[in-house]
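Protein chains in written order, with my numbering: chain Z, 24 to 135; chain C, 24 to 135; chain V, 24 to 135; chain H, 53 to 481; chain P, 53 to 481; chain D, 53 to 481.
Written below as structure tokens is the structure these notes are about.
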Amino acid sequence: MKIVMAIIKPYKLDEVREALVELGVEGLTVTEVKGYGRQKGHTEIYRGAEYDVKFVPKLKIEVAVADELADRAVEAIRDAANTGAIGDGKIFVFDIGQAMRIRTGETGADAL
Amino acid sequence: MKIVMAIIKPYKLDEVREALVELGVEGLTVTEVKGYGRQKGHTEIYRGAEYDVKFVPKLKIEVAVADELADRAVEAIRDAANTGAIGDGKIFVFDIGQAMRIRTGETGADAL
Amino acid sequence: MKIVMAIIKPYKLDEVREALVELGVEGLTVTEVKGYGRQKGHTEIYRGAEYDVKFVPKLKIEVAVADELADRAVEAIRDAANTGAIGDGKIFVFDIGQAMRIRTGETGADAL
Amino acid sequence: MRHFLKLISILATAGPIVAAADPALAQEAALDSGDTAWMLTSTALVLMMTIPGVALFYGGMVRKKNVLGMVMQSFAVTCLVTVLWMVVGYSLAFSEGTAFIGGFGRLLLDGLDVDAMSGTIPESVFMVFQMTFAIITAALITGGIAERMRFSALLWFIGLWSILVYAPIAYWVWGGGFLGAAGVLDFAGGTVVHINSGVAALVAALVVGKRAGYGRENMAPHNLVLTVIGASMLWVGWFGFNAGSAVAANGSAGMAMAVTQIATAAAALAWMFAEWITHNKPSVLGIASGAVAGLVAITPASGYVGPGGALVIGIAAGLVCFWGATVLKKRLGYDDSLDVFAVHGLGGITGAILTGVLAVEAIGGTPGALEGNVGQIWLQLYGVAATIVYCGVVSFVLLKIIGAVIPLRVSEEDEREGLDIRLHGESVT
Amino acid sequence: MRHFLKLISILATAGPIVAAADPALAQEAALDSGDTAWMLTSTALVLMMTIPGVALFYGGMVRKKNVLGMVMQSFAVTCLVTVLWMVVGYSLAFSEGTAFIGGFGRLLLDGLDVDAMSGTIPESVFMVFQMTFAIITAALITGGIAERMRFSALLWFIGLWSILVYAPIAYWVWGGGFLGAAGVLDFAGGTVVHINSGVAALVAALVVGKRAGYGRENMAPHNLVLTVIGASMLWVGWFGFNAGSAVAANGSAGMAMAVTQIATAAAALAWMFAEWITHNKPSVLGIASGAVAGLVAITPASGYVGPGGALVIGIAAGLVCFWGATVLKKRLGYDDSLDVFAVHGLGGITGAILTGVLAVEAIGGTPGALEGNVGQIWLQLYGVAATIVYCGVVSFVLLKIIGAVIPLRVSEEDEREGLDIRLHGESVT
Amino acid sequence: MRHFLKLISILATAGPIVAAADPALAQEAALDSGDTAWMLTSTALVLMMTIPGVALFYGGMVRKKNVLGMVMQSFAVTCLVTVLWMVVGYSLAFSEGTAFIGGFGRLLLDGLDVDAMSGTIPESVFMVFQMTFAIITAALITGGIAERMRFSALLWFIGLWSILVYAPIAYWVWGGGFLGAAGVLDFAGGTVVHINSGVAALVAALVVGKRAGYGRENMAPHNLVLTVIGASMLWVGWFGFNAGSAVAANGSAGMAMAVTQIATAAAALAWMFAEWITHNKPSVLGIASGAVAGLVAITPASGYVGPGGALVIGIAAGLVCFWGATVLKKRLGYDDSLDVFAVHGLGGITGAILTGVLAVEAIGGTPGALEGNVGQIWLQLYGVAATIVYCGVVSFVLLKIIGAVIPLRVSEEDEREGLDIRLHGESVT
Ligand SMILES: Nc1ncnc2c1ncn2[C@@H]1O[C@H](COP(=O)(O)OP(=O)(O)O)[C@@H](O)[C@H]1O
Ligand SMILES: Nc1ncnc2c1ncn2[C@@H]1O[C@H](COP(=O)(O)OP(=O)(O)O)[C@@H](O)[C@H]1O
Ligand SMILES: Nc1ncnc2c1ncn2[C@@H]1O[C@H](COP(=O)(O)OP(=O)(O)O)[C@@H](O)[C@H]1O
């Protein structure tokens, strides 16, 4: 099994979720994060003081999938999250050794 | 070493933490996340507009443990977080190649 | 490729980011987390009720780097985040199988 | 009531000759410290309705990324209208003129010195009291174009609107103009303030267009606690608005306060139960919206009806505005973001008409249809129609002209990222 | 003081015969615009104490998932009690009746027309002023059952309670009933408002039961900034509450305001230092709670004591209520979520008794124990006991009856997820 | 104006002989219920300026970890100054004394009984009204040392300061002291309140030192919605501050309200446009700061200038304070965290001087330089200088003495983690 972890623009969440669900994915977990990268932040001004806000709000999506689904999940996320603009984000994939559904104790692909 | 990463219901945090501490775990890291899965969200109504909130608040726990502790940590989390109801969450386990304690520079199992 | 994941004290973020940028890292992702460990939390008192807040605010930094950069990234983070006080945090490193830049579809080290 | 007092004050301050000629009149124009105390207070209360009242009521309803931009609009409108009112608005609305517009006698407040009187209170107080009405009317409009209008375009629109739409309509009803003369009843501003702002907001929402993602994306209010604070301050401040419109601390003010309280509570409960029945849950946004609907509807009636009439007006307003915000708006498909038209426009119309039905001669001096004076309903409709037509047309033209010079909307990227950061360089953490 | 004024007003408005017979009395009943101005203002201030005052004071103390439900309760209670007061409450509390309950002479505000007077102010103003007291008393109760009571059951309870408990007790003390007649001193509502709401909240907390997880889970207040705003508005509004209870703008009102300010500050400091000493840190919740405790305790005394007495009452209230909220509550183990009993119940009792000790004849016309009138303490205890017993019993019975028909509590799942989403379909982001 | 009234009231209450001797004077001292109503209201309004006004205005500007500590300071200062004012402050500021300090005639409010008068209002009301001025002046100072001062040291400083600095300066100007006698004009507290607090805050900021990380770390305001609420309440409450300083409900009060409104709006717009031009974006913090700058600057002038003068004062204050907060502060490098000196100090100086220029004899009885009385400018500068020197020196000495006993600052760890958790054991989630 693998975890596909993607950093995306926040307003793309619904599209990404729908794309994954279409693939047959039944669950995923989302975290609010701040990203630093090529996309620039903004400047805030308070009376005399200027603050460069270097980080941009992003969402991190983590979805655990069976090995055979991983590539299609990556493609699905890419298609849904791609706008062609700087800051669209990244996708990383890594292996997991075990998965368990807490409610039932099922493990492996059944747990997803 | 491994990282055991669990998605749980928020109010189970204290029980899970205590179960892990009993096992000898000395640290862990918690993140507020939103989960999508079999458990349904809710509907919010504002004047005429209805919004389906598809995501449910969850907590993600990450705990790095020595290899030999991993299975027991999974069991401990499962026992503490299980309510038998849909949405209890998942546990994933993956390998880490290195760990370091920033303060001392210790690495490996000593760092945990 | 590897992901270097560090739990640090919040006010160290800027120093850590700068240290990584100096190394040539071009992006990273930050998450607000709460940590449990040797560093104690605090007690809050509300009228008669006392609540032990067991968790301490921390930041989690995730940075994907080419294999050859991983060790230097760990060192850089360590140097920047180290204050010598309890609670400075941890660094974990794990392998990723794939990385993709959503905007361009580039993969591997080019995606970072 | 109000323009009557105003007339008296104009007569009374018309010069020492008049005053000397008629001692009874002169006496009416003597300063009453109690009336003055209440009007000073009312002025503070009505200012509080806009800042922080409307600012919070609206600020809580937008998405978090736009909250500062939203409260900024109420605050900036307050400042802008203050200066314009001093320069020209007050003169156009309350100095002697034709049937349609006041004159330039009070330009830059010329002649408004420390002894000038308006009835039993200093004219300075009357001038600021009326200013706070001009302010809130303008601020209410910002709810219609929330989350997308360019700040500079908004300032131009509001500035011109307050001179070209608000001042004339205030004059028509209270300043000595044709609607007041015809006998249209509007105690505290059902037409002047609420129908006026509701129509302007609707026109602006249509001209500026819908928010990006409207109907698809989640645009839920980010913090209804702010909205409840705002609604509460509107309610409390409205005592100054309605009871203050008696321009005296007397039985008329007392009764205006009583009916305001009753109608507001009734409307809030009506909306709450209507929502509870139709959507299964009573919401805090619903009850707060209902309260504002009740406040709006009782406004024109507050010096003319009794407690029973207030109950009827409240229930009617709660139901009509609920229908407007949940059914009508959906059906017509416009994006009046914070329902200014549904609450202030429809609420104002409901109140204006029911004033004609429920007015009690013993209270405000004019009987309504229930006391046999059916014609009052037609008079009220006349006032409503005049306001809707004039406000609608001029607001539309103004927006088109401004839009030809500056874009009315922010860029899509600004809208996406939020007005707070993009327009004002600030954010709430 | 108040029921005395009320009596005068009843006499004075009893008919032209009386008035004609005694010109001095007739003069007392003439409208005073200054008094009216102050009472209009006071009414606005006391309404502000509940919305947004109590709403925020309480809203900040609950967990985030329940904040909208909490402010909703204050808002809905305001609306409900307004309508009930208009329909029947005012008549039961302030129209002529027996020793125990008023009559039906003012049902639906019958006869309260625009010229009706109450002392030197319009009766309409007096009626709304008193309404705001009925509102806040009911709203205060919601702190006892916060975070778990079913909204519909709460509305039934509050509605019946305001008719069957509040109105009679108000009548006993101020409306012409037996407690006032006996000489019990309660200037602005120590018994009627505070002991009453405190006892009702305690009974409700016991009957409804503890919150799920109470004593184990972290139930820390989610946003004390809201609580401080609420406490501040309570403080400011309380000038209307206490100084307004003089029903005039005179020296009595001025002194009531002065002693209110002093007692409040003293109580806040007392609580703060007590906490600083015993728990090592002065908390903002502590100082705000202390201020409210002081406001509560000075309430019955405010027209009767001087600055020195106020200082004593403030310090005593701060310490007693601190002890109640931190020691007594723990020992007895009930879950009065937001300490309504500790602050309003105990604070009210402290104030009622100390009024008997510290009253100054030269100020309010009645001497206290320190001036030799020891019996006043017993009278005060009599008032306290009557209120506790009647309120306790009727509140209990009401809750049991309602609970037999509708569950008083939400389901455990609703409680876990929060009232905002589950009962009202909304959330704060 | 004010000390003039005060003198009258002292004369008038000096004993029955005086009163009997001069019926005209006696009549002036009769209670006026309208004036009293307005002063009761004004007192409530000015209290609201501090809690929740200043508390929120400041609370929103600090980082989230310090917001409770910040609002706590305003709240605690309110309580502390209340008690000290009652004990000694009022006596020192307003009872008969030398040219430099009042006497002990009103220690513990001795002799201030329910019938004591101050002009046409009860002295109790005058005493509390003045108390609210002492409160806000002290609370304003906390902005200078925000986010780093030890709470206990702050209480010591504020307590001593209010006795040793505030009370004397209030006496100099309003209580019968040498500045008032010399003819320095300060209608509502430009020197006494604003220059005073601004200078004290600057001195404290310098003595206590910069915040850790100042100039390097992001110290952006965490929630400007709170700041806007605060600024709005300051604005609304300022009607009580300025129009209340007429100590009557009359034309002077009315004109004071009008000029307050105009100057505030003008200053807010001036700051907003200045920022828009120089930093490309109009910020909500900017417009709110500008409004406060305008309120400050019109304070000394409010009973003396007309609408035109108000416009000039407003624009000048907006620009001067904008420059102070954005340019001067950067250049001098001090860390006056929330710009108390730039807004209150510089705004107060601007207003004090322009009062000397723009005063209109027909309004306040004294002509300004524009009406030929150039000497008034020198008088105003004299008042400014006396305040700056005395306040600066005594504040400095006080801080040095306190700092020798208790550390003025929290530990660096406390500062890092935030005052909320470390000093008060609470946090906002
Ligand atoms: N090396 C990295 N490791 C972890 N996250 C990264 C890395 N590089 C970029 N990111 C994340 O991806 C986001 C987008 O990256 P950015 O460089 O701005 O644009 P793009 O992906 O289009 O080149 C960043 O905001 C950050 O959250
Ligand atoms: N494939 C997955 N990848 C990542 N997270 C998942 C996945 N499936 C479920 N989750 C997480 O687990 C939570 C619980 O899953 P859900 O399907 O609702 O219930 P259950 O685990 O009881 O079957 C989800 O809210 C989500 O956060
Ligand atoms: N085994 C672990 N797994 C995951 N995170 C950990 C682990 N141990 C510590 N942490 C994280 O590192 C932080 C610092 O750890 P702590 O024990 O307080 O201090 P130190 O790292 O200096 O020994 C914790 O707050 C927690 O977030």
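Virtual Cβ for every residue (Gly too), placed ideally from N, Cα, C.
Here the structure is a predicted model, which means the values were calculated and not measured.
Go ahead and label residue 387/D buried or exposed: buried means 16 or more other beta carbons lie within 10 angstroms of its beta carbon, across all protein chains shown. Within the sixth sequence, the letter at position 335 stands for residue 387/D. Under this definition residue 387/D is a buried residue.
Taking C-beta pairs closer than 9 Å, name the residues in chain D that residue 111/H reaches, listed in chain order. Start at 1 with the first residue of the fourth sequence, and residue 111/H comes out as number 59. Residues of chain D whose Cβ lies closer than 9 Å to the Cβ of residue 111/H are, in chain order, 277 and 280.
Complete runs of the alpha helix (DSSP H) confined to the segment 304 to 384 of chain P [at least 4 residues]: 336 to 353, 359 to 375 and 381 to 384
Check the C-beta distance from residue 113/P over to residue 273/P and give it rounded, since I have them as a contact under 8 Å. Position 61 of the fifth sequence holds residue 113/P. Position 221 of the fifth sequence holds residue 273/P. Yes, they are in contact, since the Cβ atoms of residue 113/P and residue 273/P sit about 4 Å apart, within 8 Å.
Report the neighbours of residue 66/Z on chain H: residues whose CB is nearer than 8 Å to its CB, in chain order. Position 43 of the first sequence, counted from the first residue, corresponds to residue 66/Z. In chain order: 477.
Is there at least one Cβ from chain P nearer than 9 Å to residue 59/C's Cβ? Walking along the second sequence from the start, residue 59/C turns up at place 36. False, the Cβ-Cβ gap to chain P never drops below 9 Å.
Just confirm the distance between the C-beta atoms of residue 215/P and residue 141/P, as a whole number of angstroms; I'd bet it's less than 8 Å. Walking along the fifth sequence from the start, residue 215/P turns up at place 163. Walking along the fifth sequence from the start, residue 141/P turns up at place 89. Right, the Cβ-Cβ distance comes to about 6 Å (below 8 Å), so this counts as a contact.
Residue-chain proximity (residue 104/Z, chain C), Cβ-Cβ < 9 Å: One-based indexing of the first sequence puts residue 104/Z at position 81. Judged by the 9 Å Cβ criterion, residue 104/Z is not in contact with chain C.
Using 8 Å as the cut-off, classify the Cβ of residue 90/V as near or not near the heavy atoms of ligand 1, replying yes or no. As a working mapping, residue 90/V is identified with position 67 in the third sequence. Because no heavy atom of ligand 1 lies under 8 Å away, the Cβ of residue 90/V does not count as near it: no.
Report the three-state DSSP secondary structure of residue 238/D (helix, strand or coil). On the sixth sequence, position 186 is the one that residue 238/D refers to. In the structure shown, residue 238/D adopts coil according to DSSP, grouped into three states.
Chain V contact for residue 97/C (CB, 9 Å cutoff): Against the second sequence, residue 97/C aligns to sequence position 74. With a threshold of 9 Å between beta carbons, residue 97/C makes no contact with chain V.
Euclidean distance between Cα positions of residue 323/H and residue 365/H: By 1-based counting over the fourth sequence, the position of residue 323/H is 271. By 1-based counting over the fourth sequence, the position of residue 365/H is 313. Roughly 13 Å between the two C-alpha positions.
Give, in chain order, every residue of the segment 450 to 468 of chain P whose Cβ lies closer than 9 Å to some Cβ of chain C. 468
Can you give me the Cβ contacts of residue 471/H inside the same chain, cut-off strictly under 6 Å, excluding the 5 residues immediately before and after it? The residue given as residue 471/H occupies position 419 in the fourth sequence. So the list reads 118 and 121, once near-sequence residues are dropped.
Keeping to the same chain, check which residues put their C-beta closer than 8 Å to that of residue 96/V; ignore five residues upstream and five downstream. Residue numbering aside, residue 96/V sits at position 73 when the third sequence is read from its first letter. 27, 43, 46, 48, 86 and 88.
In whole angstroms, give me the CA-to-CA distance for residue 79/D and residue 85/H. The residue labelled residue 79/D in the question sits at position 27 within the sixth sequence. The residue labelled residue 85/H in the question sits at position 33 within the fourth sequence. Bear in mind that a pLDDT of 42 at residue 79/D, under 50, signals an unreliable position, so the model cannot answer this.
Does chain D have any CB closer than 9 Å to the CB of residue 37/V? Working through the third sequence from its first residue, we reach residue 37/V at position 14. Cβ-Cβ to chain D under 9 Å: yes for residue 37/V.
Taking buried to mean at least 16 other C-beta atoms within 10 Å of its own C-beta, is residue 84/V buried or exposed? Mapped onto the third sequence, residue 84/V falls at position 61. Answer is buried; the Cβ neighbour count reaches 16.
Residue range of the unbroken alpha helix (DSSP H) whose run includes residue 37/C: Here residue 37/C corresponds to residue number 14 of the second sequence, with the count starting at 1. Element bounds for residue 37/C: 36 to 46.
Under the DSSP definition of a beta bridge, which residues are partnered with residue 73/C? By one-based count along the second sequence, residue 73/C stands at place 50. DSSP lists 68/C as partners of residue 73/C.
Straight-line Cα distance separating residue 269/D from residue 55/V: In the third sequence, the residue the question calls residue 55/V occupies position 32. In the sixth sequence, the residue the question calls residue 269/D occupies position 217. So the alpha carbons of these two residues sit roughly 18 Å apart.
Any heavy atom of ligand 1 closer than 8 Å to the Cβ of residue 125/P? Numbered from 1 along the fifth sequence, position 73 holds the residue referred to as residue 125/P. It does not: the Cβ of residue 125/P is nowhere closer than 8 Å to a heavy atom of ligand 1.
Using only alpha-carbon positions, find the residue among 206/P, 478/P and 339/P that is nearest to residue 252/P. What you label residue 252/P is simply residue 200 of the fifth sequence in a count that begins at 1. Considering only alpha carbons, the answer is 206/P.
Please report how far the alpha carbon of residue 35/C lies from the alpha carbon of residue 196/P, in whole angstroms. Sequence index remark: in the second sequence, residue 35/C carries index 12 (1-based). Sequence index remark: in the fifth sequence, residue 196/P carries index 144 (1-based). Going from the Cα of residue 35/C to the Cα of residue 196/P covers about 27 Å.
Starting from residue 30/V, trace the beta strand (DSSP E) in both directions and tell me its first and last residue. Position 7 of the third sequence, counting from 1, holds the residue named residue 30/V. Taken as a continuous stretch (DSSP letters only), the beta strand (DSSP E) holding residue 30/V covers 25 to 31.
For residue 240/D, which residues from the same chain have a beta carbon less than 6 Å from its beta carbon, with the 5 sequence-adjacent residues on both sides left out? The residue labelled residue 240/D in the question sits at position 188 within the sixth sequence. So the qualifying residues of the chain are 293, 294, 297, 351 and 354.
Inter-residue Cα distance where the pair is residue 319/H and residue 182/H: One-based indexing of the fourth sequence puts residue 319/H at position 267. One-based indexing of the fourth sequence puts residue 182/H at position 130. Looking at the two C-alpha atoms, the distance is approximately 26 Å.
Closer than 8 Å: residue 387/P CB and nearest ligand 2 heavy atom: Within the fifth sequence, residue 387/P is the residue found at index 335, counting from 1. Answer for residue 387/P: no, Cβ out of range of ligand 2.
Alpha-carbon to alpha-carbon, residue 313/P and residue 65/C: Locating residue 65/C in the second sequence gives position 42, counting from the first residue. Locating residue 313/P in the fifth sequence gives position 261, counting from the first residue. So the two alpha carbons sit approximately 47 Å from each other.
Against residue 169/P, what residues of chain D qualify as contacts under a CB-to-CB distance less than 7 Å, listed in chain order? As a first step, residue 169/P is located in the fifth sequence; it is residue number 117 there, counting from the start. Within 7 Å Cβ-Cβ: nothing; residue 169/P doesn't reach chain D, min ~15 Å.
DSSP state of residue 51/V mapped onto helix, strand, coil: As a first step, residue 51/V must be located in the third sequence, where it is residue number 28. Here residue 51/V sits in strand by DSSP.
Who are the Cβ neighbours of residue 463/D in its own chain at under 6 Å, not counting the five residues just before and after it? For this step, residue 463/D is matched to residue 411 along the sixth sequence. Counting only residues of its own chain and dropping the five nearest sequence neighbours on each side, residue 463/D has no CB closer than 6 Å to any other CB.
When DSSP labels each residue in this structure, what does residue 58/V get in the three-state scheme? Taking the third sequence and counting its residues from 1, one reaches residue 58/V at position 35. In this structure, residue 58/V counts as strand in the three-state DSSP scheme.
Have a look at residue 75/P and residue 82/P and give me their C-alpha separation to the nearest angstrom. One-based indexing of the fifth sequence puts residue 75/P at position 23. One-based indexing of the fifth sequence puts residue 82/P at position 30. Note that residue 75/P scores 38 on pLDDT, short of 50, meaning its location in the model is unreliable; the coordinates nonetheless yield the value given after this. Cα to Cα, the separation comes out at about 11 Å.
Buried/exposed call for residue 315/H, threshold 16 Cβ in 10 Å: Sequence index remark: in the fourth sequence, residue 315/H carries index 263 (1-based). So residue 315/H counts as buried.
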